[in-house]
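Number 51 in this note's numbering belongs to position 51 of the sequence shown; there are no gaps in the numbering.
Each residue gets a CB set at the ideal place from its N, CA and C atoms; glycine is no exception.
None of these values were measured; they are calculated from a predicted model.
Read the structure below first, then the notes.
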Amino acid sequence: MGAAPPHHHRVQPADPQQIATTREIYTSAYESSSERQIKFTIYAVDGTEPVPVGTAMLLLDLGLDVAEYTVSIGVPEARGRGVGSEATLLVLDYAFHVTGLECVYLTVLEPNVGAITAYERAGFRRQGVRRNSNKWLGSRVDEIHMDAVPAEFPGPSRVKEQFEADS
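Here it is as structure tokens:
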């Protein structure tokens with residue numbers, strides 16, 4: 001039995017209308033991407049003045065009413081003091097009680113025990129593991145997938161109470 005004949009594809013240049021349509025699609029997606037993000041600045045309030053120590057973000061999929069959660073505590077002195085747990089708790093509160101999301105999910109590296117503990121304290125639950133899928137300090141590690149849903153989130157909403165008090 002002989003080898004299958006090679007497939008030949010003819011590449012044709014795009015007409016100007018196709019180029020304009022493609023450009024419009026990509027431009028629209030880029031411009032609206034900022035509308036699909038909710039960004040938070042995390043402050044430590046130990047002293048008299050709040051000090052920014054990190055950021056958190058919800059990357060929204062409004063078609064599904066879900067979001068991916070990311071957080072970074074960039075000031076080393078703020079880590080391990082509960083700032084990340086409290087910020088995560090407040091972001092989940094906002095996501096479920098203000099935005100009306102049905103699920104917030106994240107991925108964390110398995111050796112990052114502090115982050116996993118903070119996420120679990122805030123209401124995230126482990127959903128699965130992607131084995132050997134990332135690196136930590138040069139070694140292969142697992143990724144832990146976690147999510148939170150409104151039914152498992154404690155109430156009442158501290159964020160909504162604050163909004164109502166300010167009105």
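Exercise for the section: Would you check if the stretch 112-123 and the stretch 79-91 touch, i.e. whether three or more CB-CB distances between them fall below 8 Å? Expected result: Yes, they touch.
Problem - Closest residue to Tyr94 among Gly80, Met146, Ala67 (Cα-Cα distance) - result: Taking only the C-alpha atoms, the option nearest Tyr94 is Ala67.
Handout entry: Gly74 (DSSP reduced to helix, strand or coil)
Key = Looking at Gly74 - three-state DSSP - the assignment turns out to be coil, as it is neither helix nor strand.
Exercise for the section: Could you say which of Phe124, Ile38, Gly82, Phe163 lies nearest to Leu62 if we only look at CA atoms? Expected result: Minimum Cα distance to Leu62 is reached at Ile38.
Practice task
Could you tell me whether the Cβ atoms of Gly123 and Val83 are closer together than 9 Å?
Solution key: Taking C-beta atoms as the reference points, Gly123 and Val83 fail to come closer than 9 Å.
Problem - Short Cβ contact (9 Å threshold) for Leu106 with Leu60 - result: No; because the gap between Cβ atoms is not below 9 Å, this pair is not in contact.
Handout entry: Where the alpha helix (DSSP H) through Ser139 begins and ends
Key = The continuous stretches of alpha helix (DSSP H) do not include Ser139, which lies in the beta strand (DSSP E) extending over residues 139-148.
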